[in-house]
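Here the sequence shown stands for residues 11 to 82, numbered as in the numbering used here.
Every residue gets a Cβ at the ideal spot worked out from N, C-alpha and C, and that includes glycine.
Read through the structure below, which is laid out as structure tokens, and then see the notes.
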Amino acid sequence: MNHSYKFLEETIKIASKLNTEVLEEIVNVLVELRNNKGRLFFLGVGGSSANASHAVNDFRKICNIESYSPSD
């Protein structure tokens, strides 16, 4: 078994365990937030501040949701 096969096999296992009802609830909350012109804040400490900053850019550009990270 090669690395790519193992990686994809593990990804499928993890994805199959996700609760799609919960994911849909999260999407609905984010849609409502956007429709109500709400703001989304991300917090990160240390290296996680880079992840928070990246999430801000994704939610602004891809989802058109006003987002902020205090570390920016």
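Smallest Cα separation from residue i: which of the options?
| i | options | result |
| --- | --- | --- |
| residue 75 | 43, 62 and 61 | 43 |
| residue 78 | 51, 71 and 36 | 51 |
| residue 62 | 46, 16, 73 and 82 | 82 |
So, helix, strand or coil for residue i, using DSSP?
| i | result |
| --- | --- |
| residue 17 | helix |
| residue 52 | coil |
| residue 79 | coil |
| residue 12 | coil |
Excluding five sequence neighbours on each side, which residues of the same chain lie with their C-beta closer than 7 Å to the C-beta of residue i?
| i | result |
| --- | --- |
| residue 69 | 50, 75 and 77 |
Once the 5 residues before and after residue i are set aside, which same chain residues still bring their CB inside 8 Å of it?
| i | result |
| --- | --- |
| residue 60 | 54 |
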